[in-house]
Every structure is written in structure tokens, then in C-alpha cells.
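Residue numbers (full-length UniProt numbering): 1 to 335. Using N, Cα and C, we set each Cβ at its ideal position, and we do this for glycine too. Just so it is clear, the structure is predicted and the values come from calculations on it, not from any experiment. Contents: one structure, followed by commentary.
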Ligand code: KG4
Ligand code: ZN
């Protein structure tokens with residue numbers, strides 16, 4: 001019971017991923033990213049599910065090959081039940097159910113947001129319970145008090161756009177390719193973060209709001225480019241640095257408030273935006289000041305991946321938390 005072999009599938013958005021975990025260790029984590037969405041400047045759900053159909057079997061085969069695991073050896077099949085895009089979730093879910101049925105093995109339904117948080121347990125250093133996790137991705141922004149692998153409480157979240165969307169949408173206004181977050185991050189490194197000032201979307205309590213930033217940037221750019229058509233081009237690094245600074249301020253203001261009120265000194269970052277170099281550096285500085293311990297998983301385990309689904313599946317396996325063949329995807333699955 002203690003060293004199961006788990007095959008995990010992640011297909012909630014636009015990354016098709018399979019991982020194999022043996023006795024709590026990740027042996028393989030294969031991710032096929034979908035390039036097809038770039039030309040549309042955002043994820044097109046119908047194209048995402050079609051691409052999952054094309055990628056899934058080769059990705060699973062590759063993960064099993066790298067892990068040197070035969071299908072007969074698999075003890076359980078874990079998959080992302082939600083939240084995510086319905087069509088995308090259906091492809092991974094149907095595959096997992098069929099495979100588990102054919103193998104006669106149990107099925108484990110995993111919550112994608114829980115998996116982002118439990119990615120911290122893939123490798124050392126691991127936080128101990130309880131800790132505070134800021135999950136920042138293209139679809140979510142949540143402040144979560146993590147009491148155990150199965151007990152988590154969302155104490156703050158975005159009331160509109162996610163932090164990743166704030167990066168991607170403002171980057172689009174600056175003419176950067178999709179997804180804009182990493183491009184904006186790179187350009188921000190040489191810019192002045194205090195040159196332009198935009199509204200910080202920290203609400204009462206621990207909630208976030210990013211739609212005001214996008215609108216403020218849109219109106220500001222309209223006004224400036226009406227006077228100088230080359231304004232964006234001539235001020236790109238400062239614009240990126242100032243936008244990034246505003247997003248980081250918003251995130252860290254709420255994180256600080258929550259950590260202080262909840263008396264938590266272990267602070268973790270999860271989700272794709274945890275890759276942002278400015279956020280990582282600012283959090284490390286803040287942690288030095290506050291005496292916090294900071295946890296940020298390797299980039300591979302921050303963006304969407306099946307290793308985090310396998311890790312969560314492992315905890316659920318140990319708790320005997322299995323799903324029936326009647327389980328269905330839930331695009332709005334709650335934590
Ligand atoms: O977790 P993730 O891979 O997918 C979702 O579940 O959404 O996160 C993707 C998001 C995108 O919005 C992307 O622009 C953002 O993470 N991102 C970044 C950086 N790398 C990825 N945002 C800012 N700076 C980065 N370096
Ligand atoms: Zn995600």
C-alpha cells in the first residue's frame with residue numbers, strides 16, 4: 001500500500017501531461033505544450049481539446065517509457081477532474097477512466113488547484129503544515145491556508161482577472177506575443193518600475209482585483225500614443241517594469257496581510273506566475289525582512305504538469321480516496 005505506482009494525467013487547459021510516480025518519487029513528467037493558440041492570442045477551447053486528443057497517448061507512452069514502467073505494474077490512475085476547460089478535462093478524464101477500467105485498477109480524481117499546492121511535496125525543501133500558499137496562474141489567484149494535504153482553506157482570491165491574465169492582457173496591449181507573462185518579465189528587468197504608476201488591486205480582506213490595472217494601462221496607452229505614436233516602443237522596458245511592479249505589489253500586500261493575521265511564517269508560491277523573476281526576488285526580500293521561510297517549486301512543477309497530479313494522487317491513494325467510474329469532469333470544481 002505504501003509504494004504504489006501511479007500514472008497521472010493532466011489536461012485542464014492547454015498542456016497535455018502524463019507523469020509516473022513510484023513510491024512517492026516522480027520517475028517521469030512529460031508535458032506537450034500546445035503552440036496552436038499563439039496565433040489567436042489566447043487559448044481556443046475547441047482547439048485545445050483536439051490537441052489533447054492528438055498528444056495524450058504519445059505523452060502517456062513516453063512517460064511510461066522514461067519511468068521504465070509497464071502498464072501491468074500501474075496501481076492507480078490519477079487525473080485532473082477540474083477546474084479547467086470542460087472539453088480539455090473530458091479528454092484526460094475519459095482516457096483515465098478507460099485505462100483504469102481496462103487495467104482493473106482504481107481511479108483517483110484530482111483537484112487541479114490542490115495539485116498546484118501539493119507540487120511543493122515533490123522535492124525538498126518541503127514546507128510543513130500549516131503554511132500559506134499564494135497560487136498564481138493564468139486562471140487563478142488564490143491565497144490558501146494549507147493545514148494538511150486534504151485540508152485547505154481559501155482565504156482570499158481574485159474577484160475578476162487572475163494574476164497571469166493581468167500579465168498576459170497588459171502584455172497584449174504592449175504588442176507582446178501570447179502568453180505575454182514571460183516576455184513582460186524579461187523586458188521588465190531593464191526597466192524602471194517606478195516610472196509609471198498604476199492602481200494596486202488589493203481589496204479589503206485578502207481578495208485581489210486586476211481588471212482595473214488592465215483598464216488603466218489601456219487608457220494610459222491610448223492617451224500617450226495619441227500624442228506620440230512611438231510611445232510604447234520608446235518606453236517598453238519602463239512600461240513592463242511598472243506593470244510588473246504593480247502586480248507584485250498587489251500580490252505581496254495581500255500575502256503579507258494574510259501571513260501576519262494568520263501568524264504563518266512559511267510562505268509558498270505555486271502556479272505559472274511563480275516563475276516571474278520580479279515576484280520571486282521581491283518575495284525573498286520581504287521574507288528576509290519578516291523572518292519567513294519561502295518555498296517555490298522548480299519551474300517544471302509550477303506550470304501545468306502531471307507530476308503535481310501524481311503527488312496529489314499519492315496522498316489520496318494513501319487516504320483511500322478513490323473515484324468511481326461515474327465521476328465526471330467539473331470545470332468549476334472547488335478546492
Ligand atoms: O499555471 P500555468 O502554467 O497555467 C494555468 O493553470 O493557468 O500558468 C500560466 C500563466 C500565464 O498567464 C503566463 O503568462 C504566466 O503563467 N507566466 C508568467 C511567467 N511565466 C509564466 N507570468 C509572469 N512572469 C513569468 N515569468
Ligand atoms: Zn494550472
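TODO: Pick out the complete beta strand (DSSP E) segments inside the region 57-130, 3 residues or longer, and give them in chain order.
DONE: Qualifying beta strand (DSSP E) stretches, in chain order: 76-82, 107-111.
Task: residue 198, buried or exposed, once every other Cβ within 10 Å from all chains shown has been counted against 16 - done: Buried, because 16 or more other Cβ atoms sit within 10 Å of the Cβ of residue 198.
Task: Where residue 183 sits in the DSSP three-state scheme - done: Residue 183: helix per DSSP, three-state reduction.
Task: Opening and closing residue of the alpha helix (DSSP H) in which residue 159 lies - done: Counting along the chain, residue 159 falls outside any alpha helix (DSSP H), and DSSP gives it neither H nor E.
TODO: Hey, could you find the ends of the beta strand (DSSP E) residue 273 is sitting in?
DONE: Per DSSP, residue 273 lies in no beta strand (DSSP E) segment and is marked neither H nor E.
Open item on the list: Helix, strand or coil for residue 1? Go by DSSP, reduced to three states.
Closed with: A caution first: residue 1 carries a pLDDT of 49, below 50, which makes its placement in the model unreliable, though a value can still be read off. Three-state DSSP puts residue 1 in coil, outside helix and strand.
Open item on the list: Give me the residue from 313, 297, 309, 222 with the minimum Cα distance to residue 133.
Closed with: Nearest to residue 133 by alpha-carbon distance, out of 313, 297, 309, 222, is 297.
Open item on the list: Helix, strand or coil for residue 209? Go by DSSP, reduced to three states.
Closed with: Three-state result, residue 209: coil.
TODO: Would you mind stating whether residue 79 and residue 110 have Cβ atoms separated by less than 8 Å?
DONE: Annotated as proximal: residue 79 and residue 110, with beta-carbon spacing under 8 Å.
TODO: Since I believe residue 9 is in contact with residue 309 (beta carbons under 8 Å), could you give me their beta-carbon distance rounded to a whole number of angstroms?
DONE: Right, their Cβ atoms sit about 7 Å apart.
- [ ] Specify, as a first and last residue, the run of the alpha helix (DSSP H) that residue 242 falls within.
- [x] Counting along the chain, the unbroken alpha helix (DSSP H) around residue 242 starts and ends at 236-262.
- [ ] Pair every Cβ in the region 153-169 with every Cβ in the region 286-306, then say whether three or more of these pairs are closer than 8 Å.
- [x] In short, these stretches do not touch, since the Cβ pair count stays below three.
Task: Cβ neighbour criterion (16 or more within 10 Å) applied to residue 1 - done: Because residue 1 sits at a pLDDT of 49, beneath the cut-off of 50, its placement in the model cannot be relied upon, and the point is left open.
Task: Where the beta strand (DSSP E) through residue 358 begins and ends - done: Because the chain here runs from 1 to 335, residue 358 falls outside it and cannot be looked at.
Task: First through last residue of the beta strand (DSSP E) which encompasses residue 355 - done: Outside the modelled stretch of the chain, which goes from 1 to 335, sits residue 355, for which no answer is possible.
Open item on the list: Nearer than 7 Å: is that true of the beta carbon of residue 304 relative to any heavy atom of the ligand ZN?
Closed with: Flag set: Cβ of residue 304 near the ligand ZN.
- [ ] Evaluate contact between the region 215-233 and the region 161-177, counting only Cβ atoms and requiring at least three cross-stretch pairs below 8 Å.
- [x] With the cut-off at 8 Å, the region 215-233 and the region 161-177 touch.
- [ ] Find out if the Cβ-Cβ distance for the pair residue 14, residue 34 is shorter than 8 Å.
- [x] Yes.
Open item on the list: Using the Cβ count rule (16 or more neighbours within 10 Å means buried), how would you classify residue 150?
Closed with: The residue is exposed, with fewer than 16 neighbouring Cβ atoms inside 10 Å.
Open item on the list: By DSSP's criteria, residue 295 is part of a beta bridge. Which residues make up the other side?
Closed with: For residue 295, which the question treats as bridged, DSSP gives the partners 268.
TODO: Determine, using beta-carbon pairs with one atom in the region 311-320 and one in the region 68-84, whether at least three such pairs fall under 8 Å.
DONE: These segments touch.
TODO: Spatial neighbours of residue 269 within its chain, please: CB distance less than 6 Å, with the 5 preceding and 5 following residues excluded, ordered by chain position.
DONE: Sequence-distant partners of residue 269 (beyond 5 residues in either direction) whose C-beta falls short of 6 Å from its own C-beta, in its chain, are 134, 296.
Open item on the list: Rounded to the nearest angstrom, what separates residue 246 and residue 164 at their Cα positions?
Closed with: Cα-Cα distance, rounded: 13 Å.
- [ ] With 8 Å as the threshold, decide whether the Cβ of residue 122 is near any Cβ in chain D.
- [x] Although the question refers to chain D, the structure presented lacks it and comprises just one protein chain.
Task: Alpha carbon of residue 327 to alpha carbon of residue 119, nearest angstrom - done: Here the alpha carbons of residue 119 and residue 327 stand approximately 24 Å from one another.
Open item on the list: So for residue 13, helix, strand or coil by DSSP?
Closed with: For residue 13, the secondary structure class from DSSP, reduced to helix, strand or coil, is coil.
- [ ] For the region 89-99 and the region 115-130, state whether three or more C-beta atom pairs, one from each stretch, are separated by less than 8 Å.
- [x] Counting C-beta pairs closer than 8 Å gives fewer than three between the region 89-99 and the region 115-130, which falls short of the contact rule.
- [ ] Take the Cβ of residue 285 as the centre, count every other Cβ of all protein chains shown within 10 Å, and call the residue buried at 16 or more, exposed below.
- [x] Burial state of residue 285 is exposed, judged by a 10 Å Cβ sphere holding fewer than 16 other Cβ atoms.
- [ ] Counting only the same chain and skipping the five closest in sequence on each side, list residues whose C-beta sits under 8 Å from that of residue 115.
- [x] Hits under 8 Å: 10, 80, 308, 309, 311, 312.
Task: At least 3 beta-carbon pairs within less than 8 Å: the region 25-34 vs the region 43-62 - done: Proximity of the region 25-34 to the region 43-62 meets the contact definition, three or more beta-carbon pairs being nearer than 8 Å.
Task: Assigned exposure category for residue 185 - 16 Cβ within 10 Å defines buried - done: Taking a 10 Å sphere around the C-beta of residue 185, we find 16 or more other C-beta atoms and assign the residue as buried.
Task: Proximal residues to residue 47 (C-beta, below 7 Å), its chain only, five neighbours per side dropped - done: Counting only Cβ-Cβ distances below 7 Å, and skipping sequence neighbours, we find 36, 37.
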